[in-house]
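Trainee: Chains as they are written, first to last, in this note's numbering: chain G, 146 to 515; chain F, 97 to 619.
Take this structure first; my questions come after.
See the structure below:
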């Protein structure tokens, strides 16, 4: 088992984690007027960004390392969010507007009982299982058929886009049973704790931090292993890999399903922190925006995906507050400039260009990055 | 004092003239019940006056409706102009809601004898839409005798047959049922069915048989009409899809450029239409009906120029890197969308159909085919034919095909490949602009117009097979028809989802689309 990171990289990672963990601690420990107090919105924002970073990591795994560009990862993100949201809706209990055991939107539709697929959703652990299983199964089935018929490149991108679009239409229907275009909102509590309490928020934040670090380590472990090298071979020359005797189907299917599950977990962590999930999360535009996070940070590098998610979303938060009309211009130009001028993203700016040396080169690069 | 006396005098004279002249043709005995207390008698009187069908009768009814019919002190009933002052001692005849409805019915019935064909047709259709007043049967019969126009005649015959369903003789009722079965539409099904379901209403076996047959005949005809309607709307949707996708069939299908900004080129075409319309309204209001003709070349030119500018500045640097092209063109689409939003506002702009495109033709009795849909089908056929001719019959088309098949060889024999790339992309964009003109005639024109068509367009091109114009046409037709035939069964959203699912599955089976390019150039 080779080492995941160099000594320096481990230190840097540990420092960053401690720094990130200090954020909610400073929020709770100090009074609002204290100089070291971190405002609530900043903690919420950082928590949200970490979810995005996790999704970006998942996307980087399939796009940056395996060369499969998915324009439908927003679907998995949203499905994870919906699966967790089902529990959160049930946890409202009778405190909703209509004082009914059913979620408000069902009362509004005059439904008398929960549909069958809402069975057992009052259990937190069952819903957590759904978070993993539903997007995982969907990705597995979809990926199996797509990869088996060797759909690749832009065709794959386009049908993933069609997939998320179809699901968005489905979830917009009231009769689908997921709240129509309002989705799920007005959550009250999670595992008995008030969802708006600062302490709960801090715990959710720490869970997200843990998830992000775990995802980073997992991805790092995968890309540094032999499996990861096969994946990169799929990206660089799938035909040659097949001639050597590998069947790319299972490698692609594994990484695709894993990526979908990671994305779903990110979505499940996202929903309790922002307090809403609705079908617009599945819109094709959202999924493409995820791609630009990875592209801006630098695809094919794990740190790049995280950096890109933070950079683009930070820029977005600032822009939409300062110049709301200009944000789409900025995002559009970002797309164009990154693809034209900065193919390696932000990290590419810093790294000196090196001639590629067979298989060792990408790994060397990664180690430096991390 | 003096003034009011004169006024009273004038009113008196006017009253005398009116009372003497207009209602003279109607017997006072018919008017008298209107002033009475018995509400049934009043309604009956209105119906009786309406059944006269004379212009004088219409005048009296209108006066009654406008509160200008008076009961005079001498017991006569007479009308005055609505603005004229009420005469001394006369009391206005009060109209309640029930009487007002009766007046409306009677007046609309009298339109059956109006001079204009359209007016008569409208009157007959209006009567078909409601319960027929027995008092109006005579009127319908009289109108039928003098009627020449076929459409009005059949409507009147329906009315007469509906009335005859209540006739005392069994064979008259059976004949009426048969006639309704021959001519009737969905609206006439209900009374037939009602008589069938109540054994007390119809006890004669032969008539019951005729009624059953009539209901069946109506149902069969209705199903046929619906099918034809669905087929027509399917073709119409297909032509829209085709116009939206045709430009993409060139830029994506032939050149292999994943142009996510294609939808925005459609939008630019639609906004150019809006601009041309505004210019016409401002400078050439007399020719505003013709603005579409000017909008076509304008939209083509604007979209083609935008497309060529994009090709020169962004896309040409990304040839051979399809995924990057996808991202960059998505960025372009965001910029274009926001630019339009900044220039024209986020709200939809109003693009009006010219008068010659509004309205529609009626076929099979009740099916209305809107002219704008028909025009767009014709337009789609023309544009497709034009593109086909351009690609297969001109020197430019030859160059385009040569560059797409073997760029290096084409370059070697002297084809300016860079310029051809630019022109081809411009052509695809220009056709998207033409598609935008068509879309502006059907739906809303707003900054998000393109977003709603981009996925559909890609589906059509991918389904049809890349690089195949015929495939694109057939895929558009297939998707349009499938969508419209599924819609009545599953609802619009589910039909759309089913179609998307079908495409996703279909591509698994045939990754190259319906019409695969055969040969070594694949992949």
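All C-beta atoms, glycine included, are put in the ideal place defined by N, C-alpha and C.
Computed from a predicted model, the values in this text were never measured in an experiment.
To be precise: take each residue of the region 433-447 of chain F, compare its Cβ to all Cβ atoms of chain G, and keep it if any distance is under 7 Å. Which residues remain?
Mentor: Of all residues in the region 433-447 of chain F, 433, 434 and 438 have a Cβ within less than 7 Å of some Cβ in chain G.
Trainee: Check whether the region 538-552 of chain F touches the region 297-317 of chain F, counting contact only when three or more Cβ pairs, one atom from each stretch, lie closer than 8 Å.
Mentor: Taking 8 Å as the limit for Cβ pairs, the verdict is that the region 297-317 of chain F does not touch the region 538-552 of chain F.
Trainee: Which one of G:453, G:353 and G:166 has the shortest CA to CA distance from residue 409 (chain G)?
Mentor: Nearest C-alpha to residue 409 (chain G): G:353.
Trainee: Does the separation of the CB atoms of residue 236 (chain G) and residue 333 (chain G) fall below 9 Å?
Mentor: Yes, they are a contact pair.
Trainee: Residues of chain F with CB closer than 7 Å to the CB of residue 424 (chain G), please, in chain order.
Mentor: Within chain F, no residue comes near residue 424 (chain G); the closest Cβ sits about 12 Å away, beyond 7 Å.
Trainee: Take the Cβ of residue 433 (chain F) as the centre, count every other Cβ of all protein chains shown within 10 Å, and call the residue buried at 16 or more, exposed below.
Mentor: The residue is buried, with at least 16 neighbouring Cβ atoms inside 10 Å.
Trainee: Spell out the partners DSSP gives residue 463 (chain F) in its beta bridges.
Mentor: BP columns for residue 463 (chain F) point to F:459.
Trainee: Determine the extent of the beta strand (DSSP E) in which residue 166 (chain F) is found, giving its start and end residues.
Mentor: Taken as a continuous stretch (DSSP letters only), the beta strand (DSSP E) holding residue 166 (chain F) covers 165-167.
Trainee: Counting only beta-carbon atoms, is residue 129 (chain F) nearer than 9 Å to chain G?
Mentor: Cβ-Cβ to chain G under 9 Å: no for residue 129 (chain F).
Trainee: Could you confirm whether any beta carbon from chain G is found closer than 9 Å to the beta carbon of residue 424 (chain F)?
Mentor: Taking Cβ atoms only, chain G reaches closer than 9 Å to residue 424 (chain F), which makes this a yes.
Trainee: Short of 8 Å Cβ to Cβ, which residues in the region 558-583 of chain F face chain G?
Mentor: If the cut-off is 8 Å between Cβ atoms, the region 558-583 of chain F has 558 near chain G.
Trainee: Could you check whether the Cβ of residue 302 (chain G) sits closer than 9 Å to any Cβ belonging to chain F?
Mentor: Answer yes: the Cβ-Cβ gap between residue 302 (chain G) and chain F drops below 9 Å somewhere.
Trainee: Rounded to whole angstroms, what's the CA-CA distance from residue 163 (chain G) to residue 456 (chain G)? Just pull it up for me.
Mentor: Spanning the two alpha carbons is a distance of roughly 20 Å.
Trainee: Using a Cβ cut-off of 8 Å, pull out every chain F residue sitting near residue 338 (chain G), in sequence order please.
Mentor: Chain F residues near residue 338 (chain G): none, gap ~38 Å exceeds 8 Å.
Trainee: Just checking my contact of residue 340 (chain F) with residue 531 (chain F) at CB under 8 Å: how many whole Å lie between their CB atoms?
Mentor: Yes, they are in contact, since the Cβ atoms of residue 340 (chain F) and residue 531 (chain F) sit about 5 Å apart, within 8 Å.
Trainee: At which residue ranges does the region 366-446 of chain F contain complete alpha helix (DSSP H) runs of 4 or more residues, listed in the order of the chain?
Mentor: The qualifying runs are 387-409 and 418-440.
Trainee: Quick check on residue 294 (chain G) - is its C-beta less than 9 Å from some C-beta in chain F?
Mentor: For residue 294 (chain G), the answer is yes, since a Cβ of chain F falls inside 9 Å of its Cβ.
Trainee: Can you give me the start and stop residues for the beta strand (DSSP E) that residue 368 (chain G) sits inside?
Mentor: Taken as a continuous stretch (DSSP letters only), residue 368 (chain G) belongs to no beta strand (DSSP E), being part of the alpha helix (DSSP H) at 343-369.
Trainee: Take residue 197 (chain G) as the anchor and find which of G:221, G:181, G:180 and G:178 has the nearest alpha-carbon.
Mentor: Checked all of G:221, G:181, G:180 and G:178; the closest Cα to residue 197 (chain G) is G:221.
Trainee: Determine whether the Cβ of residue 597 (chain F) lies closer than 9 Å to any Cβ atom of chain G.
Mentor: It does; some Cβ of chain G falls within 9 Å.
Trainee: Can you pull out the residues from the region 420-448 of chain G whose beta carbon lies closer than 8 Å to at least one beta carbon of chain F?
Mentor: Answer set for the region 420-448 of chain G: 429, 430, 433, 436, 437 and 440.
Trainee: Report all residues from its chain with a CB closer than 6 Å to the CB of residue 242 (chain G); omit the five preceding and five following residues, and keep chain order.
Mentor: Once the five neighbours on either side are set aside, the close Cβ partners of residue 242 (chain G) are 249.
Trainee: Looking only at C-alpha atoms, which of F:447, F:458 and F:476 sits nearest to residue 539 (chain F)?
Mentor: Residue 539 (chain F) has its Cα closest to that of F:447, out of F:447, F:458 and F:476.
Trainee: Taking all protein chains shown into account, do 16 or more other C-beta atoms lie within 10 angstroms of the C-beta of residue 169 (chain F), making it buried, or fewer, making it exposed?
Mentor: That one is exposed.
Trainee: With residue 186 (chain F) as the anchor, note down where its beta strand (DSSP E) starts and where it stops.
Mentor: From DSSP, residue 186 (chain F) is part of no beta strand (DSSP E); its letter is neither H nor E.
Trainee: Could you spell out the range, first to last residue, of the alpha helix (DSSP H) harbouring residue 174 (chain G)?
Mentor: Where residue 174 (chain G) is concerned, the enclosing alpha helix (DSSP H) stretches over 152-174.
Trainee: Leaving out five residues on either side along the sequence, give the residues of the same chain with a beta carbon under 7 Å from the beta carbon of residue 256 (chain F).
Mentor: Result list for residue 256 (chain F): 236, 237 and 240, in chain order.
Trainee: Give me, in chain order, the residues of the same chain whose beta-carbon lies closer than 6 Å to that of residue 141 (chain F); leave out the 5 immediate sequence neighbours on both sides.
Mentor: Answer for residue 141 (chain F): 129 and 130, listed in chain order.
Trainee: How far does the beta strand (DSSP E) with residue 175 (chain F) in it reach, from first residue to last?
Mentor: Here the beta strand (DSSP E) through residue 175 (chain F) covers 173-175.
Trainee: What are the start and end residues of each continuous alpha helix (DSSP H) run of 4 or more residues lying completely inside the region 186-264 of chain G, in chain order?
Mentor: DSSP runs (the alpha helix (DSSP H)) wholly in the region 186-264 of chain G: 218-236 and 249-253.
Trainee: CA-CA distance, residue 479 (chain F) and residue 533 (chain F)?
Mentor: Approximately 12 Å between the Cα atoms of the pair.
Trainee: The ligand ADP and residue 244 (chain G): does any heavy atom of the ligand fall closer than 8 Å to the residue's C-beta?
Mentor: The model depicted lacks the ligand ADP and carries no ligand whatsoever.
Trainee: At a Cβ threshold of 9 Å, is residue 555 (chain F) touching chain G?
Mentor: Yes, residue 555 (chain F) counts as interfacial toward chain G.
Trainee: Quick one: is residue 605 (chain F) near chain G, going by C-beta distance under 9 Å?
Mentor: It does: the Cβ of residue 605 (chain F) has a partner Cβ on chain G nearer than 9 Å.
Trainee: Which first and last residues belong to the alpha helix (DSSP H) in which residue 529 (chain F) is found?
Mentor: 513-536 is the span of the alpha helix (DSSP H), which, as asked, contains residue 529 (chain F).
Trainee: Could one say the Cβ of residue 501 (chain G) lies closer than 9 Å to chain F's Cβ atoms, at least one of them?
Mentor: For residue 501 (chain G), the pLDDT reaches just 49, beneath the cut-off of 50, and the residue's location in the model is therefore unreliable, although a value from the coordinates is still provided. Output row for residue 501 (chain G): interface = no.
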